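Input: a single structure, listed below in structure tokens.
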């Protein structure tokens, strides 16, 4: 099986998994889902590292390092901001528990 | 070693799938996000073992710089500015993909030349640079609009849709040309074609987002979110890396689902949002000769204080006025008086999916008090007061009644069925869709003009002496 065909296989199956896994998200979580999944799309960091780590030409080093910076902003910013949001989401029970503790 | 790296990639793929699954339930969401981060860390560490990585100084520099910038952005951003933050993060993902595609072209040039590469490789690199560039510039424009560096109103050029069609055709056409002429044209020409595609795609990203108005931003942000995933997946096609394909496609799918939810919530299709330039012309309306009933914070406090049930309907105005804490304070005061308080959240209230939920969570409103449109709509007719805080188009009854209205058919929150409606609003300006709102002229509607936060604080103050 050719490399491209195999990639298309993976792509199609991953798309089905994605639709199945995420089809039911409560609206409360729409924003964290978006920023969290956005952080996952920073997976391009892998391609960026493979370029920045070579010694082929200065131009490639510049492009690779720039890609690493962009992808890391995406990854670190995405996961951190999602965590910051999710820390705020609390149920009534948790709110009352905290309220009585103070 | 290569087997080990690939096993790590497989584990990371599985972690991303479970992470997304857990992100879709409030109780597991936080652990899901952490699992995603762990999967990412695993992917990064495994990649560093790759034999083709021979030096680390630039990697360390890039990782440290990117992490520091990302952390500062994530920790300093205000919750009200979350839509532009998400837009910007989408953009960085797209930029990384475009940069990797460019680097792959330059690598080919350095070694055997573009003519020696497989057509599949050239094609996937072009696809990758198209998606990456559109995502990057589109996100930057969305950011600029949300940050109000650009006007939030649609900017439409003459023959705008024709230009977009031409740009798309040119980017795709030049890619096909590069494939057809791969073995006959000289290397500089083929390289030129690649960079031309890059520039055209970047222009296309700008042109796609610039005519889109503020109220349509939830659709655009989730669409760009989907694109950022597809950009990563396309990079995976270039590098034959299945982790990139899987992770990118998962994100593409989730973004697509959100885009679809947003479109349904506006009763519009994605092409209609992207190409409709909704709200470009502000209809003059007949507002000037019609009378609204305005009220004072004191009167509003009396109405709310003696109600049995109140439904709060937040909109973008709450975000603009940073009024979420004032809303929470008023709600708590009302609850202490025995008033039943609920929050009604329209799916496209605000500027991104879930915008209102994030703001109310920041203000410590328990999420059980937040109701979706379908859950809450039957309750308005049994409710004493609907308190509209800076929402407009999503509560416009014209969407239900007036077939000539541009909003007609959009599912709305039926606040007009409540016994009394109090609307907090800055002025009589129409909403982002530029449509006059019938609700404001209803006999049971009271308008309280002014900054939403100050109005809410004044009501809360007055409530103490009711």
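Residue numbers (the numbering used here), protein chains in the order written: chain D, 14 to 115; chain P, 35 to 500.
Quick reminder that beta carbons are idealized off the backbone N, C-alpha and C, glycines included.
Just so you know, these numbers come straight off a predicted model, no measurement behind them.
Looking at chain P, is there any beta carbon in it that lies within less than 8 Å of the beta carbon of residue 71(D)? Translated into positions along the first chain, residue 71(D) becomes position 58. With 8 Å as the cut-off, residue 71(D) does not count as an interface residue toward chain P.
Interface partners of residue 274(P) on chain D, CB under 8 Å: By 1-based counting over the second chain, the position of residue 274(P) is 240. Result: 16 and 20.
Q.
Less than 6 Å between C-beta atoms, sequence neighbours within five positions excluded: which residues of the same chain meet that for residue 319(P)?
A. Along the second chain, one-based indexing puts residue 319(P) at 285. For residue 319(P), the predicted model reports a pLDDT of 44, less than 50, meaning its position is unreliable; a value from the coordinates is still stated below. Around residue 319(P): 470.
Rounded to a whole number of angstroms, what is the C-alpha to C-alpha distance between residue 102(D) and residue 38(D)?
What you label residue 102(D) is simply residue 89 of the first chain in a count that begins at 1. What you label residue 38(D) is simply residue 25 of the first chain in a count that begins at 1. In a straight line, the C-alpha of residue 102(D) is about 15 Å away from that of residue 38(D).
Around the Cβ of residue 437(P), are there at least 16 other Cβ atoms within 10 angstroms (buried) or fewer (exposed)?
Mapped onto the second chain, residue 437(P) falls at position 403. That one is exposed.
**Report entry** Cutoff 8 Å: residue 446(P) Cβ touching any chain D Cβ
**Finding:** By 1-based counting over the second chain, the position of residue 446(P) is 412. Cβ-Cβ to chain D under 8 Å: no for residue 446(P).
> What residue from 391(P), 490(P) and 309(P) has the CA that sits closest to residue 333(P)'s CA?
Replying inline: To locate residue 333(P), count along the second chain from 1; it is residue 299. When only C-alpha atoms are compared, the closest one is 490(P).
Practice item. Measure the C-alpha to C-alpha separation of residue 351(P) and residue 339(P) and round it to an integer number of angstroms. Key: Position 317 of the second chain, counted from the first residue, corresponds to residue 351(P). Position 305 of the second chain, counted from the first residue, corresponds to residue 339(P). Rounded to the nearest angstrom, the two C-alpha atoms are 23 Å apart.
Euclidean distance between Cα positions of residue 480(P) and residue 348(P) = The count along the second chain starts at 1 and reaches residue 480(P) at position 446. The count along the second chain starts at 1 and reaches residue 348(P) at position 314. Taking the straight line from one Cα to the other gives about 16 Å.
Subject >> Uninterrupted beta strand (DSSP E) stretches inside the region 350 to 419 of chain P (no shorter than 3 residues) >> reply: 374 to 379 and 404 to 406
Requested in this report: State the CB to CB distance for the pair residue 135(P) and residue 159(P), rounded to an integer number of angstroms; the pair is presumed to be in contact (CB under 8 Å).
Outcome: Here residue 135(P) is taken as the residue at index 101 of the second chain, counted from 1. Here residue 159(P) is taken as the residue at index 125 of the second chain, counted from 1. Correct: roughly 5 Å between the Cβ atoms.
If contact is defined by three or more beta carbon pairs under 8 Å, each pair taking one atom from either stretch, is the region 385 to 399 of chain P in contact with the region 409 to 417 of chain P? no
request  = Kindly list, in the order they appear in chain D, the residues whose Cβ is closer than 9 Å to that of residue 119(P).
outcome  = On the second chain, residue 119(P) is found 85 positions in, with the first residue counted as 1. Those within 9 Å of residue 119(P) in chain D are 48, 90 and 94.
Worksheet item: At a CB-CB cut-off below 7 Å, which residues of chain D make contact with residue 222(P)?
Response: The residue labelled residue 222(P) in the question sits at position 188 within the second chain. By Cβ distance, chain D contributes nothing, its closest Cβ being about 15 Å from residue 222(P), past 7 Å.
Should the region 66 to 84 of chain D be regarded as contacting the region 42 to 60 of chain P, the criterion being three or more beta carbon pairs within less than 8 Å? no
- In its own chain, which residues sit with a C-beta less than 6 Å from the C-beta of residue 57(D), not counting the 5 before and 5 after it? Against the first chain, residue 57(D) aligns to sequence position 44. If we look at residue 57(D) and ignore the five residues flanking it on each side, its Cβ neighbours are 84.
Supposed close pair residue 376(P), residue 424(P) - CB separation, criterion 8 Å:
In the second chain, the residue the question calls residue 376(P) occupies position 342. In the second chain, the residue the question calls residue 424(P) occupies position 390. Actually they do not touch by this definition, with Cβ atoms about 17 Å apart.
Review point. If you drop the 5 nearest sequence neighbours on each side, which residues of the same chain put their C-beta closer than 6 Å to that of residue 129(P)?
Key: Indexing the second chain from 1 puts residue 129(P) at position 95. Around residue 129(P): 170.
What residue range is occupied by the uninterrupted alpha helix (DSSP H) comprising residue 117(P)?
Locating residue 117(P) in the second chain gives position 83, where the first residue counts as 1. From DSSP, the alpha helix (DSSP H) with residue 117(P) extends over 116 to 144.
Practice prompt. Express the C-alpha separation of residue 188(P) and residue 302(P) in angstroms, rounding to a whole number.
Written response: Counted from its first residue, the second chain places residue 302(P) at position 268. Counted from its first residue, the second chain places residue 188(P) at position 154. So the two alpha carbons sit approximately 17 Å from each other.
| Nearest neighbour of residue 78(P), chosen from 67(P), 63(P) and 43(P) [CA to CA] | As a first step, residue 78(P) is located in the second chain; it is residue number 44 there, counting from the start. Comparing Cα positions, the closest option is 43(P).
Residue 452(P) versus 361(P), 121(P), 345(P) and 380(P), residue with shortest Cα-Cα distance: Taking the second chain and counting its residues from 1, the one referred to as residue 452(P) is at position 418. Out of 361(P), 121(P), 345(P) and 380(P), 345(P) has the C-alpha closest to the C-alpha of residue 452(P).
Reference residue 115(P), options 499(P), 474(P), 374(P) and 355(P), closest by Cα
The residue labelled residue 115(P) in the question sits at position 81 within the second chain. Nearest option by C-alpha distance: 355(P).
Interface residues of the region 341 to 359 of chain P facing chain D [CB-CB below 8 Å]:
none
- Run through DSSP, which three-state label would residue 344(P) get? Here residue 344(P) refers to the residue found at position 310 when the second chain is read from its first residue. It is a strand residue.
Going along chain D in order, which residues have a C-beta closer than 9 Å to the C-beta of residue 248(P)?
-> Position 214 of the second chain, counted from the start, is the residue given in the question as residue 248(P). Residues of chain D passing the Cβ test: none, with the nearest at roughly 17 Å.
Item to check | Distance between beta carbons of residue 90(D) and residue 241(P), contact taken as under 8 Å | outcome: As a position in the second chain, residue 241(P) is number 207, starting the count at 1. As a position in the first chain, residue 90(D) is number 77, starting the count at 1. At roughly 27 Å, the Cβ-Cβ gap does not stay under 8 Å, so residue 241(P) and residue 90(D) are not in contact.
Legend entry - Short Cβ contact (8 Å threshold) for residue 258(P) with residue 172(P): In the second chain, counting from the first residue as 1, residue 258(P) sits at position 224. In the second chain, counting from the first residue as 1, residue 172(P) sits at position 138. Yes.
| task | Label residue 260(P) either buried or exposed according to how many other C-beta atoms from any shown protein chain fall within 10 Å of its C-beta, with 16 as the threshold for buried. | result | For the purposes of this step, residue 260(P) is identified with residue 226 of the second chain, where counting begins at 1. It counts as buried.
| Less than 8 Å separating the beta-carbons of residue 365(P) and residue 393(P)? | Sequence index remark: in the second chain, residue 365(P) carries index 331 (1-based). Sequence index remark: in the second chain, residue 393(P) carries index 359 (1-based). Their beta carbons are not under 8 Å apart, which means residue 365(P) does not touch residue 393(P) by this criterion.
- Report yes if the CB atom of residue 148(P) is closer than 8 Å to the CB atom of residue 221(P), and no otherwise. Working through the second chain from its first residue, we reach residue 148(P) at position 114. Working through the second chain from its first residue, we reach residue 221(P) at position 187. Going by C-beta atoms, residue 148(P) is nearer than 8 Å to residue 221(P).
Taking just the CA atoms, how far does residue 432(P) sit from residue 24(P)? There is no way to answer for residue 24(P), as the model of chain P reaches only from 35 to 500.
task: Specify the secondary structure class of residue 495(P) as computed by DSSP and reduced to three states.
output: Counting from 1 along the second chain, the entry for residue 495(P) is found at position 461. Here residue 495(P) sits in helix by DSSP.
Does the count of Cβ pairs from the region 61 to 75 of chain P and the region 91 to 99 of chain D closer than 8 Å reach three?
yes
Check your understanding: So, using beta-carbon positions, are residue 447(P) and residue 428(P) closer together than 8 Å?
Key -> Against the second chain, residue 447(P) aligns to sequence position 413. Against the second chain, residue 428(P) aligns to sequence position 394. Result yes, Cβ atoms of residue 447(P) and residue 428(P) sit closer than 8 Å.
Kindly confirm or deny that the region 14 to 23 of chain D and the region 273 to 287 of chain P touch, where touching means at least three C-beta pairs closer than 8 Å.
yes
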